[in-house]
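The block underneath contains the structure these notes are about, expressed in structure tokens.
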Amino acid sequence: MTLAGHYTYFVTILLLMVGLFVVIARSNLIKKLVGLGLFQTAVYLLYIAPGKLIGGAAPIVAEGVQVYSNPLPHVLILTAIVVGVATLALGLALVVRIKEAYGSIEEEEILQRDVDDESSANDRA
Amino acid sequence: MTNLQPTIAPDTLLTQHLPILLVIVPLLSAPLIVLLRRSFLSWLVAMIASVAAFGIAALLLQQVLASDGVIAYAIGNWEAPLGIELRVDAVNAFVAFIVALVGVFVLPYCRIGIAAEVRQEEHYLFYAMLMLCLCGLLGILLTGDAFNVFVFLEISSLATYVLIAMGRDRRALVASYQYLLMGTVGATLYVIGIGILYLQTGTLNLADMAQRLSGVGDVRATLAALAFITVGVSLKIALFPLHLWLPNAYAYSPSAVSAFLAATATKVSIYVLMRYYFTVFGAVTVFDAHNTGMILLALSLAAMFIPAVVAIFQRDVKRLLAYSSVSQIGYITLGISLGTVGGLTAAIAHLFNHALTKGALFLVLGGIVLRCGGANLDRLAGIGRTMPVAAFAFVIGGLSLIGIPGTAGFISKWYLVTAAMAEGQWWLAGAVMMSSLLAVIYVWRFVEVAYFQAPPDDHPPVGEAPLSMRVPALLMVGACVYFGLDATWSGEVATRAATALLEGWQ
Chain P
1461 MTLAGHYTYF
1471 VTILLLMVGL
1481 FVVIARSNLI
1491 KKLVGLGLFQ
1501 TAVYLLYIAP
1511 GKLIGGAAPI
1521 VAEGVQVYSN
1531 PLPHVLILTA
1541 IVVGVATLAL
1551 GLALVVRIKE
1561 AYGSIEEEEI
1571 LQRDVDDESS
1581 ANDRA
Chain Z
1132 MTNLQPTIAP
1142 DTLLTQHLPI
1152 LLVIVPLLSA
1162 PLIVLLRRSF
1172 LSWLVAMIAS
1182 VAAFGIAALL
1192 LQQVLASDGV
1202 IAYAIGNWEA
1212 PLGIELRVDA
1222 VNAFVAFIVA
1232 LVGVFVLPYC
1242 RIGIAAEVRQ
1252 EEHYLFYAML
1262 MLCLCGLLGI
1272 LLTGDAFNVF
1282 VFLEISSLAT
1292 YVLIAMGRDR
1302 RALVASYQYL
1312 LMGTVGATLY
1322 VIGIGILYLQ
1332 TGTLNLADMA
1342 QRLSGVGDVR
1352 ATLAALAFIT
1362 VGVSLKIALF
1372 PLHLWLPNAY
1382 AYSPSAVSAF
1392 LAATATKVSI
1402 YVLMRYYFTV
1412 FGAVTVFDAH
1422 NTGMILLALS
1432 LAAMFIPAVV
1442 AIFQRDVKRL
1452 LAYSSVSQIG
1462 YITLGISLGT
1472 VGGLTAAIAH
1482 LFNHALTKGA
1492 LFLVLGGIVL
1502 RCGGANLDRL
1512 AGIGRTMPVA
1522 AFAFVIGGLS
1532 LIGIPGTAGF
1542 ISKWYLVTAA
1552 MAEGQWWLAG
1562 AVMMSSLLAV
1572 IYVWRFVEVA
1582 YFQAPPDDHP
1592 PVGEAPLSMR
1602 VPALLMVGAC
1612 VYFGLDATWS
1622 GEVATRAATA
1632 LLEGWQ
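For the record, the sequence lines run as chains P and Z. The first sequence begins at 1461 in the working numbering and counts up by one. The second sequence begins at 1132 in the working numbering and counts up by one.
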């Protein structure tokens, strides 16, 4: 139970924070998705790292092997990866449509265009 | 190793498989719809699937209420806790009943409602997504496995993002994108929470997890898991101040989608929160040891007032209703924060009554938008004369939102006030009344425009909405009045659900 023994947790938290920071601080819609991907990937590490036992073999029953790694986290994370890929694909598809509709993928410009639209609609009314 | 082998079920009666059928039917209808492609055929399949889902949900609710216990269903006969288990008790059977009920109301409405808002060649995709969303929501409700909740949550969320992006306005795309970001962050926080719980207990089965957690004692990891799950699920609930995705998502999505989501999606997430608070962590850990109730109470009070004030200043009625939703969610979480049978009964009753009310309002509004070409208050001027039925129905729904006696909204507010007083919290009763007054103001804004202003000169000649849109909307408004006049059934089920929730799964 030393600090170094928990280094995977520190890496996980660091990656989580970097990902979340990119999602919040970047205005480019693609970069936001990159941050989101990083955020999700960090969680994979949170699951996978504790599942591996030092000296443990792959979880296939064999003679002479006493210690096995836990296979369940891997299975869960396989599912989570699929979910992550689907989310990313949908997010990118939305960005393509936003680019077609607004001609920009910068969040500030897009929001500004909506504000302009609303004020010109109010002028007409 | 013998216990790992699945055994053949001796009894294959259909009624024994109701829990899994409720998830499978909408799930299988989605690819079928994609194969059929024709707009009418895909609507028909979706309609049949949702009516079937409603029938199954009603049967399941009846079974649970009759047996007064928990129905456990081992998927593929793999015994829990190794296999994934569906666990149905009075709480999730009731919420599943609400979700399936709303599905049955919304689908006939889609036939014409969607034709105006979604391109013809995308209709089949719309219905496929709606069915996937329904499947995901029902899956979250029925499953007894922590990771399975996440998978179903993402199924329903991904379908929801697509449904929102199908709105006519280009702002629907941005709303969908923003919801995708916040929804994914919320779901990921939830996964971190269950990751910590899994590391601690070595199980993902919720009932098993609850049992093992009670033996662990009060450790900091439990607190961290509680925090991650609370924040992650609250993002999905749109609990103030995590509601920022909701107003735009409801305002720019097609009307039928707004009605469906407002009545179901946030309610299902509230169920997840209740399940974790009362079944997994246990009320003692959540409310006595860590005082989560106080935080939830403060956020609920903020939700009851701030979004309600924001709603008053909206010019778009859809956005107005969306902010009102955030405010009404505050009442539900207020009931949860009390942590008593009375408070939970109020929360569950309001879950049902608000689903009916908000679903009805969005359905009526969808018909108005179709005829007036927008939900802006300027365009709705004088519709008390041009669309008398719709305007009147909207006012009835509005009264239920305020909580006038004789409408469904009154019943749950009554429960809430009674529960607060039973705890000796008289000032909370006052806060509920004050917040209802704010609802009077935002509903009045519609009344003023609809009845006391002349229609604009360039107004297109409008009549009532088409029959297939009017009938479901009016039936739902009728349900608001019915359950306001006779709350014996809904009140009793809510009480049973609250009791079941506090008893847990042991």
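Using N, Cα and C, we set each Cβ at its ideal position, and we do this for glycine too. Just so it is clear, the structure is predicted and the values come from calculations on it, not from any experiment.
ask   = Among all the DSSP beta bridges, which residues are the ones paired with Tyr1528(P)?
value = The residue you call residue 1528(P) lines up with position 68 of the first sequence. BP columns for Tyr1528(P) point to Ala1517(P).
request  = Compare the C-beta of Leu1373(Z) against all C-beta atoms of chain B and say whether one is closer than 9 Å.
outcome  = Among the protein chains in the structure shown, which are P and Z, there is no chain B.
ask   = What did DSSP end up calling Val1249(Z) once you bin it into helix, strand or coil?
value = Taking the first residue of the second sequence as position 1, residue 1249(Z) is located at position 118. DSSP places Val1249(Z) in the coil class of the three-state scheme, outside both helix and strand.
query = Does DSSP put Thr1274(Z) in a helix, in a strand, or in coil?
reply = As a position in the second sequence, residue 1274(Z) is number 143, starting the count at 1. Of the three classes helix, strand and coil, the one that applies to Thr1274(Z) here is strand, per DSSP.
request  = Kindly list the residues whose CB is nearer than 7 Å to the CB of Pro1150(Z), restricted to its own chain and excluding five residues on each side of it in sequence; keep chain order.
outcome  = Sequence index remark: in the second sequence, residue 1150(Z) carries index 19 (1-based). Leu1191, Ile1202, Tyr1204, Leu1217, Val1219, Leu1273.
task = Would you kindly work out how many angstroms separate the C-alpha atoms of Ile1570(P) and Ala1618(Z), rounded to a whole number?
result = On the first sequence, residue 1570(P) is found 110 positions in, with the first residue counted as 1. On the second sequence, residue 1618(Z) is found 487 positions in, with the first residue counted as 1. A straight-line Cα-Cα distance of about 48 Å links Ile1570(P) and Ala1618(Z).
Strand pairing of Asn1422(Z), partner residues [DSSP] = Taking the first residue of the second sequence as position 1, residue 1422(Z) is located at position 291. None; Asn1422(Z) has no bridge partner.
message = Could you check whether the Cβ of Asp1574(P) sits closer than 9 Å to any Cβ belonging to chain Z?
response = Along the first sequence, one-based indexing puts residue 1574(P) at 114. So yes, Asp1574(P) belongs to the interface.
inquiry  = Contact between the segment 1342-1357 of chain Z and the segment 1526-1533 of chain P is defined here as three or more beta-carbon pairs at a separation below 8 Å; is this criterion met?
reply    = no
ask   = Any residues in the segment 1538-1570 of chain P with a beta carbon nearer than 8 Å to a beta carbon of chain Z? Which ones, in chain order?
value = Thr1539, Ala1540, Val1543, Ala1546, Thr1547, Leu1550, Gly1551, Leu1554, Val1555, Arg1557, Ile1558, Ala1561, Tyr1562, Ile1570
request  = Return the residues of the segment 1305-1317 of chain Z that lie within a Cβ-Cβ distance of less than 8 Å from chain P, sorted by chain order.
outcome  = So the close ones are Val1305, Ser1307, Tyr1308, Leu1311, Leu1312, Thr1315, Val1316.
inquiry  = Any contact between the segment 1498-1514 of chain P and the segment 1319-1329 of chain Z? By contact I mean 3 or more CB pairs, one from each, below 8 Å.
reply    = yes
message = For Trp1376(Z), count the other beta carbons within 10 Å of its own beta carbon; 16 or more makes it buried, fewer makes it exposed. Which is it?
response = Position 245 of the second sequence, counted from the start, is the residue given in the question as residue 1376(Z). Per the 10 Å Cβ criterion, buried.
key: Supposed contact pair Ala1183(Z) and Ile1164(Z) - C-beta distance, whole angstroms, cut 8 Å   = Reading the second sequence from its first residue, position 33 is the one you call residue 1164(Z). Reading the second sequence from its first residue, position 52 is the one you call residue 1183(Z). Their Cβ separation, rounded to whole angstroms, is 14 Å, which puts Ile1164(Z) and Ala1183(Z) out of contact at 8 Å.
request  = Determine the direct distance from the alpha carbon of Pro1510(P) to that of Leu1640(Z), and round the result to whole angstroms.
outcome  = Missing from the structure shown is residue 1640(Z); chain Z here goes from 1132 to 1637 and no further.
query = Going by DSSP, which residues form a beta bridge with Ile1202(Z)?
reply = Along the second sequence, read from residue 1 onward, the residue named residue 1202(Z) stands at position 71. In the DSSP output, where bridge partners are listed per residue, Ile1202(Z) has Val1219(Z).
query = My guess is that Val1574(Z) and Ile1533(Z) are in contact by the Cβ rule of under 8 Å, so how many angstroms apart are they, rounded?
reply = The count along the second sequence starts at 1 and reaches residue 1574(Z) at position 443. The count along the second sequence starts at 1 and reaches residue 1533(Z) at position 402. Yes, Val1574(Z) and Ile1533(Z) are in contact; Cβ-Cβ is about 6 Å, under 8 Å.
ask   = In terms of residue numbering, what span does the alpha helix (DSSP H) encompassing Tyr1402(Z) cover?
value = Numbered from 1 along the second sequence, position 271 holds the residue referred to as residue 1402(Z). Where Tyr1402(Z) is concerned, the enclosing alpha helix (DSSP H) stretches over 1386-1405.
message = Can you tell me whether Ser1566(Z) is buried or exposed? The criterion is at least 16 other CB atoms within 10 Å of its CB, across all chains shown.
response = Walking along the second sequence from the start, residue 1566(Z) turns up at place 435. Buried.
query = How many Å lie between Asn1208(Z) and Leu1496(Z) at the Cα?
reply = By 1-based counting over the second sequence, the position of residue 1208(Z) is 77. By 1-based counting over the second sequence, the position of residue 1496(Z) is 365. Each residue's alpha carbon lies about 46 Å from the other.
ask   = From the beta carbon of Lys1492(P), is the nearest beta carbon of chain Z less than 9 Å away?
value = The residue given as residue 1492(P) occupies position 32 in the first sequence. So, interface residue.
ask   = So Ala1153(Z) is in the alpha helix (DSSP H); what residue range does that whole segment cover?
value = Taking the second sequence and counting its residues from 1, the one referred to as residue 1153(Z) is at position 22. Ala is not the amino acid found at residue 1153(Z); the sequence shown has Leu there. It spans 1149-1167 - the alpha helix (DSSP H) in which Leu1153(Z) sits, taken as one unbroken run.
ask   = Which whole runs of the alpha helix (DSSP H) in the segment 1463-1528 of chain Z are 4 residues long or more, in chain order?
value = 1472-1503, 1514-1517
request  = Run down chain Z in chain order and give the residues with a C-beta less than 9 Å from the C-beta of Phe1499(P).
outcome  = In the first sequence, counting from the first residue as 1, residue 1499(P) sits at position 39. Under the 9 Å cutoff, chain Z gives Thr1315, Val1316, Thr1319.
inquiry  = Is there a Cβ of chain P sitting closer than 9 Å to that of Val1580(Z), yes or no?
reply    = Along the second sequence, one-based indexing puts residue 1580(Z) at 449. It does not; no Cβ of chain P falls within 9 Å.
task = Please determine, among Lys1544(Z), Ala1358(Z), Ala1570(Z), Ser1198(Z), the residue with the shortest C-alpha to C-alpha distance to Ala1077(Z).
result = The requested residue 1077(Z) is not part of the displayed model; chain Z covers only 1132 to 1637.
query = What residue range is occupied by the uninterrupted alpha helix (DSSP H) comprising Phe1320(Z)?
reply = The residue given as residue 1320(Z) occupies position 189 in the second sequence. In the sequence on display, residue 1320(Z) carries Leu and not Phe. 1302-1332 is the span of the alpha helix (DSSP H), which, as asked, contains Leu1320(Z).
message = Counting C-beta neighbours from all protein chains within 10 Å, is the total for Ile1295(Z) 16 or more, i.e. buried, or is it exposed?
response = By 1-based counting over the second sequence, the position of residue 1295(Z) is 164. It is buried - the Cβ of Ile1295(Z) has at least 16 other Cβ atoms within 10 Å.
ask   = Between the segment 1232-1240 of chain Z and the segment 1592-1602 of chain Z, do at least 3 Cβ pairs fall closer than 8 Å?
value = yes
key: Enclosing alpha helix (DSSP H) for Trp1575(Z) [first to last residue]   = The residue labelled residue 1575(Z) in the question sits at position 444 within the second sequence. Trp1575(Z) -> alpha helix (DSSP H) spans 1557-1583.
Short Cβ contact (9 Å threshold) for Lys1449(Z) with Ser1400(Z) = In the second sequence, counting from the first residue as 1, residue 1449(Z) sits at position 318. In the second sequence, counting from the first residue as 1, residue 1400(Z) sits at position 269. Contact flag unset, no.
ask   = Closer than 9 Å, CB to CB, is Tyr1329(Z) near chain P or not?
value = In the second sequence, the residue the question calls residue 1329(Z) occupies position 198. Yes, contact with chain P.
request  = Could you tell me whether the Cβ of Tyr1507(P) comes closer than 9 Å to any Cβ of chain Z?
outcome  = Residue mapping note: residue 1507(P) aligns to position 47 of the first sequence, counting from 1. At a cut-off of 9 Å, the C-beta of Tyr1507(P) has a neighbouring C-beta in chain Z.
query = Which whole-angstrom value describes the C-beta separation of Ala1434(Z) and Gly1470(Z), a residue pair presumed to lie in contact below a C-beta threshold of 8 Å?
reply = Within the second sequence, residue 1434(Z) is the residue found at index 303, counting from 1. Within the second sequence, residue 1470(Z) is the residue found at index 339, counting from 1. Incorrect: roughly 18 Å between the Cβ atoms, too far for contact.
request  = Only counting runs of 4 or more residues, tell me where the alpha helix (DSSP H) segments fall wholly within the segment 1356-1388 of chain Z, in order along the chain.
outcome  = 1377-1383
task = Return the chain-ordered list of same chain residues with a C-beta closer than 7 Å to the C-beta of Leu1536(P), the five sequence neighbours on each side being excluded.
result = Taking the first residue of the first sequence as position 1, residue 1536(P) is located at position 76. Answer for Leu1536(P): Tyr1507, listed in chain order.
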